Amino acid sequence: MNKFDNILITGGAGYIGSHIVEKLVKTNTKIFILDNLVTGHKKLINKKAKFIKGDIKDLTKVRNIIIKNDIKSIIHLAAHLNVKEAEKNKKKYTLNNIKGTFKLIKACKNLKIKNIIFSSSCSIYGSVNGSVSEKRKPNPQGYYAYTKYKGEQLIKKYSKKYKYKYAILRYFNVAGASDSNKIGEIQKSYGHLFKNLAIQSLKKKPKISIYGRDYDTKDGTCIRDYIHISDLVDAHIKSLKYIDTKSKSVILNCGYGKGYSVMDIVNIFRKINKKIIINFTKKRPGDVANVYADVKKIKKILKWKPKNNNLVKILKSALKWEKTIN
Ligand SMILES: NC(=O)c1ccc[n+]([C@@H]2O[C@H](COP(=O)([O-])OP(=O)(O)OC[C@H]3O[C@@H](n4cnc5c(N)ncnc54)[C@H](O)[C@@H]3O)[C@@H](O)[C@H]2O)c1
510 MNKFDNILIT
520 GGAGYIGSHI
530 VEKLVKTNTK
540 IFILDNLVTG
550 HKKLINKKAK
560 FIKGDIKDLT
570 KVRNIIIKND
580 IKSIIHLAAH
590 LNVKEAEKNK
600 KKYTLNNIKG
610 TFKLIKACKN
620 LKIKNIIFSS
630 SCSIYGSVNG
640 SVSEKRKPNP
650 QGYYAYTKYK
660 GEQLIKKYSK
670 KYKYKYAILR
680 YFNVAGASDS
690 NKIGEIQKSY
700 GHLFKNLAIQ
710 SLKKKPKISI
720 YGRDYDTKDG
730 TCIRDYIHIS
740 DLVDAHIKSL
750 KYIDTKSKSV
760 ILNCGYGKGY
770 SVMDIVNIFR
780 KINKKIIINF
790 TKKRPGDVAN
800 VYADVKKIKK
810 ILKWKPKNNN
820 LVKILKSALK
830 WEKTIN
């Protein structure tokens, strides 16, 4: 794989960021990580990258990093992403996700940033049923989703003025860990299904809460599109190459284009691991019954071909990683 010009990765000490860094350092590209470690972890910081502890809201610091290190591209992952917390503490999410993104963009003014990749989320689509394409008008329901939507708008708005191209990547449900087993998801607080199952796999009596059992789906539980972290990393690298060489901006869904119910995943857990007690609880506000990505665009434009589109593999990698950190 080709080497890129110097890249700044905000949130590079987090789950997704650390996987992007792991892949990019192998291309000999110079990688700079900016992370304040609010939810990131020292353990996830790649030794081959230059780590700078700091905040995306610190405009002067960000500007100096860009100038000093001749940064040409930014992969912007730094954000808060606890959906429940966002509803309770909107200010915190406005400040970090919206104002933080705004400050980061402002720091690029009159500098030579060519490309920005922005981590967005399928949650910006809001209430949809089934396959959703990038053409769908965003209709964010929860506050976290709203902050991601505002982030997208800011990235788009300043693109012409500051002369950068962007790739807005709308992730569906990210899961699993790197084949290296050196990095994976550590944060427990986000309530991600695969992480919860991995935590439970190490308990004597695994238990799982499922929110709602009377959705209009085949088994009454919610349907989502789960993407393995390594395929998501690939989508980042391919989109960076695309916007850099074609000098075009893009918005892309990142998923596999197929939905699985929560019960499907729990049943796979039962097959590869052991028994698990299910506790059905109330539906969560804002959860839609069934959503998965329309992936025609990413496949066509990037010629992206996922290599880990296999729920057993995804779950096994999450369980293996959990054992490593416990
Ligand atoms: N995990 C998913 O399933 C998922 C789905 C859709 C979108 N996303 C987006 O992907 C991105 C990365 O998520 P993740 O799962 O790796 O979470 P994470 O919490 O592991 O990573 C976020 C990183 O950003 C850092 N950070 C937060 N605020 C910062 C700030 N102001 N300055 C500097 N660093 C800061 C944190 O310390 C952490 O290392 C986020 O933008 C998130 O909204 C994630």
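Going by this note's numbering, the first residue of the sequence shown is number 510, and it counts up by one from there. Don't be surprised by glycine CBs; every beta carbon is placed ideally from N, CA and C. Model, not experiment: these values are computed from the prediction.
- Under the 10 Å beta carbon count, VAL641 is surrounded by 16 or more other beta carbons and is classified as buried.
- Close CB contacts of SER748 within its chain, under the 7 angstroms cut and outside five residues either way in sequence, are with ILE626, ALA676, LEU678, VAL759, LEU761 and LEU811 (chain order).
- Where HIS737 is concerned, the enclosing beta strand (DSSP E) starts and stops at 735-737.
- Between ALA587 and GLY609, the CB-CB gap stays under 8 angstroms.
- The nearest non-hydrogen atom of ligand 1 is less than 7 angstroms from the C-beta of ALA587.
- The beta carbons of GLN662 and TYR524 sit about 25 angstroms from each other, so the pair does not count as a contact at 8 angstroms.
- Relative to ligand 1, ASP734 has its C-beta separated by 7 angstroms or more from all heavy atoms.
- Nearest in C-alpha terms to VAL637, of all of ALA827, ASP796 and ASN555, is ASP796.
- For LYS535, no beta strand (DSSP E) run applies, since DSSP gives it neither H nor E.
- For ALA676, there is no enclosing alpha helix (DSSP H); the residue is found in the beta strand (DSSP E) stretching over 674-680.
- Counting only the Cα atoms, THR656 lies some 11 angstroms from LYS600.
- With a cutoff of 7 angstroms, LYS608 does not count as near ligand 1, since its C-beta is closer than that to no heavy atom of the ligand.
- Counting along the chain, the unbroken beta strand (DSSP E) around VAL641 starts and ends at 639-641.
- The beta carbon of SER748 sits no closer than 7 angstroms to any heavy atom of ligand 1.
- Exclusion of ILE719 from the 7 angstroms shell around ligand 1 follows from its C-beta lying no nearer than that to any non-hydrogen atom of the ligand.
- Per DSSP, LEU613 is not a residue of any beta strand (DSSP E); the alpha helix (DSSP H) it occupies stretches across 609-615.
- Within the same chain, Cβ atoms closer than 6 angstroms to the Cβ of ALA654 are found at SER632 and ILE633, the five residues on either side in sequence being excluded.
- Taking LYS674 as reference, the option from ILE583, ASN624 and PRO815 with the minimal CA-CA separation is ASN624.
- When DSSP states are grouped into helix, strand and coil, ASN605 belongs to the helix group.
- Distances taken from the Cβ of LYS697 to the heavy atoms of ligand 1 include none shorter than 7 angstroms.
- For the stretch 523-581, the continuous alpha helix (DSSP H) assignments of 4+ residues that do not extend past its boundaries occur at 524-534 and 568-577, in sequence order.
- Bounds of any alpha helix (DSSP H) do not take in VAL797, whose DSSP letter is neither H nor E.
- For LEU517, the enclosing beta strand (DSSP E) starts and ends at 516-519.
- Bounds of the alpha helix (DSSP H) holding VAL771 are 771-781.
- Of the residues LYS808, LEU702 and LYS783, the one whose Cα lies closest to the Cα of TYR751 is LYS808.
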